[in-house]
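Sequence order for the protein chains is S and B. The first sequence begins at 5 in our numbering and counts up one residue at a time. The second sequence begins at 27 in our numbering and counts up one residue at a time. Idealized CB from N, CA, C, for every residue including glycine. Nothing here was measured: the structure is a model prediction, and the numbers come from that model. To start, the structure under review is shown below, and the notes come after it.
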Amino acid sequence: MANRPGGRRTTVTPKNLAEVRVEVVECDLLIIGGGNAGCFVAVEAAKQNPSLKVVIMEKAEIMRSGACSAGMDAINTYIPEDKTPEDLVRWSRDQVGGGPLREDLALSNARELNEAVDDLERWGLPILRDENGKIRYRGKWDISIHGEQLKPIMAEKAVESGAEVYNRVAGTGLLMDQGRCVGATGLHVRNGTFYVFRAKATVVSTGGAGTLYKSYTADSTNSGAQIWMCPYCVGSGYAMGFRQGAELSSLEQRWVATRTKDFCGPVDTISVGYKAPIINCKGEKVMSRYAHLGGDAAPRYIRANAPMEEWLVGRGPCYCDTRNMAPDKVTAMMTDYLNERPSFVLFLASRGQDVTKEPIEIYGSDPYILGGHTMGGFWVDIERMTTVPGLFAAGETAGGNPNKFVGGCAAEGKLAARGAIAYMKAAGPMPGPADPAFASQVEAEKSRVFAPLMRGAEYDGVTPREMKERLQRLMDEYAGGTSQFYRTNEERLDYALKHIAILQDQFKFLKAADLHELMEANETMDRVDVSEAVVHHLKARRETRWAGWQTRSDYPERDDKNFDCFVETRRDPKTGAVEAFTRPYEQIVSGERMKA
Amino acid sequence: MPPKVQHHKCNGCAGLPESRCEEACPGDLMVVDEATGKAYCRSTRDCWDCMSCTKACPAAAIETRIPYQLGYHKASLRPIMGKDRIIWKCVDIHGQETSYEYKNRLKR
């Protein structure tokens with residue numbers, strides 16, 4: 005058991021590929037990404053079989069990595085005593101307008117959920133309880149926590165479980181053997197080692213993809229990463245699988261949320277947690293306009309889009325009206341923010357704002373691709389295996405099953421661990437590291453990953469930042485970003501695809517001056533590849549099902565006849581051609597779906 | 027945006043395998059300059075403002091600042107990490123000070 009420090013940076017970088025240090029690590033189970041889901045994969049794997057050799061490849065340092073690194077103020081789903089897992093699935097289905105969603109996955113997750121949250125409390129997470137010791141609900145399903153230490157608490161247990169954690173190693177590609185996954189490669193961003201992790205089974209839990217779209221707060225500021233999603237989760241896990249032919253599901257159901265304006269902070273904290281109503285510039289309660297869809301309890305995409313619709317018709321700005329909050333409630337709300345998004349408290353202080361006198365302004369976020377809030381991610385079977393044998397997905401990286409949040413990502417980590425262990429028992433032997441086909445794919449990937457560094461800082465090429473920002477502008481303006489109020493159409497999407505193809509062709513001009521930039525170059529290539537998939541998904545859903553999350557100006561209505569199903573994409577690893585297709589929805593949990 | 031490092035307080039965590047801020051930053055943005063031995067943020071534009079570095083600094087040498095384009099000069103928010111508690115001290119642009127203290131761990 006070890007948590008290997010990343011160490012200080014080296015400024016001496018290899019001059020040619022032969023100088024790149026390669027380290028081969030053999031393991032039973034490889035976990036790519038030691039976040040919320042990944043930590044639970046490790047703990048569960050050790051519980052199932054303590055003799056397994058488990059390795060976590062972590063791009064940051066596991067104690068503060070991924071979406072939970074800043075902390076958390078709530079666990080959005082914990083099944084109350086008088087409700088059932090089926091009730092939770094029905095609620096989740098309502099939140100996405102009746103679906104489609106993978107009810108098989110949702111149900112298995114729901115059955116595992118409370119135990120995973122109980123684990124967190126046993127490990128030291130403060131969950132707020134009332135005077136009788138009962139868990140305090142802030143809404144129907146969500147409970148309040150003091151989660152400033154949430155990530156270190158999970159990470160300590162993953163390390164204690166015996167997993168070997170390789171910090172500061174960024175995943176770059178999957179290792180394949182005759183169509184199955186046999187591990188992955190990674191770049192050590194501090195010392196430049198190229199890692200070859202050979203594994204009997206691999207779980208990818210790299211989170212979702214932020215930073216594909218431009219954030220409006222990046223305009224004329226020194227704040228290019230001022231977004232809701234962890235900006236260091238760029239979709240590398242999706243990209244690694246997509247490049248090897250793993251099927252992606254539902255990326256067009258993007259996560260767009262109402263966030264605090266100018267400094268992205270959570271809004272449910274105020275509107276749900278403290279019942280502060282959403283109002284427009286005239287002081288009208290915005291959600292009363294949506295009373296027929298549930299008002300304040302309307303599906304999430306409707307709540308997310310409502311303030312932006314007000315702006316669009318000239319009734320912005322919009323606010324969360326905090327002016328009637330009692331002082332003790334304000335302190336509790338600020339404490340929530342300090343737990344999840346502490347710098348938002350600093351932001352309010354930098355505006356000199358007393359929230360009992362001035363309401364908190366809100367606006368729409370940039371779009372994110374996520375499998376834990378909305379349902380973009382890998383198509384997985386009930387064991388959480390992707391369509392590439394040996395490759396499993398959990399948490400934000402696994403698709404089809406929205407509204408997982410912290411507890412659900414933890415629960416899914418456990419399920420993926422069990423699935424991976426069952427798979428490895430039946431899997432055949434893998435080729436040795438010296439096998440010619442294996443060695444040549446390692447060499448090819450090393451060459452791809454290190455190419456920008458080999459070109460050097462003086463090369464007349466393209467910096468990773470330039471390409472990232474070109475992509476972000478393209479996606480914002482043509483693939484339904486914030487500046488376009490999330491709307492797009494066939495022609496804009498074709499334009500986006502045309503330019504994505506140019507960017508892919510220009511990977512050959514990327515340059516990196518040091519190892520950090522080399523990581524950025526690889527991240528940017530991943531962003532471009534994931535964006536290609538996103539645009540194909542948006543193109544294929546020729547209807548508007550979840551306005552805001554997915555709005556087609558040219559097909560403004562919901563079309564149940566043709567699109568009450570999943571949109572999928574797959575890239576052929578040999579030709580690079582992307583095909584989009586559909587898979588049917590299956591209702592498993594009874595009840596009326598299309599209430600909204 | 028940017029963690030601002032107060033140079034007179036920073037010793038780059040000399041003697042450790044890496045400085046606490048280099049260890050904590052989820053974006054690999056904090057670096058100790060080999061020549062000066064002081065930490066700095068290599069790309070303030072890429073900072074998420076998660077305050078992990080600010081919490082981790084043993085010398086309280088790091089302050090998180092809001093970019094001026096988004097918030098005015100100058101407010102501060104300082105975390106003081108205890109064994110199972112955290113204290114935050116916040117000062118707004120009018121000089122108004124507020125403290126928050128709560129338990130962040132049930133046990134160690």
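Item	Value
Three-state secondary structure assigned by DSSP to Y323 (chain S)	strand
E400 (chain S) burial status per 10 Å Cβ neighbour count (16 or more: buried)	buried
Listed by chain order, chain S residues near C76 (chain B) by CB distance under 9 Å	R68, S73, A74, G75, C234, R345, P346, S347
Where M598 (chain S) falls, given that 16 or more other Cβ within 10 Å makes a residue buried	exposed
Close beta carbons around S219 (chain S), own chain, < 7 Å, minus the five adjacent residues each side	Q230, I231, D370
Neighbour flag for R68 (chain B) against chain S, beta carbons, 8 Å	yes
Members of the segment 471–486 of chain S that neighbour chain B once the beta carbon cut-off is set at 8 Å	none
Residues bridged to W550 (chain S) (per DSSP)	S:Q554
Secondary structure of N226 (chain S), DSSP reduced to three states	coil
Coarse secondary structure for A600 (chain S), derived from DSSP in three states	Low confidence applies to A600 (chain S): its pLDDT is 44, below 50, so where it sits in the model is not reliable, and the reading given next is rough at best. In the structure shown, A600 (chain S) sits in coil (DSSP, three-state: anything other than H, G, I, E or B).
Span separating the alpha-carbon of L92 (chain S) from that of K279 (chain S)	22 Å
Closer than 9 Å at the beta carbon, the chain S residues around P43 (chain B)	P9, G10, G11, R12
Contacts around A600 (chain S), its chain only, beta-carbon distance under 8 Å, and the 5 residues preceding and following it disregarded	For A600 (chain S), the predicted model reports a pLDDT of 44, less than 50, meaning its position is unreliable; a value from the coordinates is still stated below. These residues qualify, in order along the chain: D98, G101, G102, L297, G298, A302, P303, I306.
Straight-line gap, K30 (chain B) to D72 (chain B) (C-alpha atoms, nearest Å)	14 Å
Counted within 10 angstroms of its Cβ, other Cβ atoms place Y66 (chain B) as buried (16 or more) or exposed	buried
Short CB-CB distance (under 8 Å) between P93 (chain B) and chain S	yes
Chain B contact for D266 (chain S) (CB, 8 Å cutoff)	yes
Nearest-angstrom Cα separation, counted from L457 (chain S) out to V24 (chain S)	11 Å
Outcome for C285 (chain S) when other beta-carbon atoms lying within 10 angstroms are tallied against a minimum of 16	exposed
CB-CB length for S347 (chain S) against D75 (chain B), believed under 8 Å	4 Å
Cβ neighbours of M338 (chain S) in the same chain (closer than 7 Å, five flanking residues each side left out)	V349
Outcome for G381 (chain S) when other beta-carbon atoms lying within 10 angstroms are tallied against a minimum of 16	buried
Interface flag, V31 (chain B) vs chain S, CB-CB below 8 Å	no
Between the CA atoms of L33 (chain S) and E48 (chain S) - distance to the nearest angstrom	12 Å
Close Cβ partners of G245 (chain S) (< 8 Å) along its chain, the five nearest in sequence each way excluded	L178, V208, L252, F382, T390, V392, L395, A397
Limits of the alpha helix (DSSP H) - the one that P409 (chain S) falls within	It is Phe, not Pro, that sits at residue 409 (chain S) in the sequence shown. Unbroken alpha helix (DSSP H) run through F409 (chain S): 409–430.
Short Cβ contact (8 Å threshold) for K418 (chain S) with E160 (chain S)	no
Contacting residues, own chain, Cβ-Cβ under 7 Å from R491 (chain S) (five flanking each side not counted)	G484, T555, S557
Three-state class that DSSP yields for R258 (chain S) in the structure shown	coil
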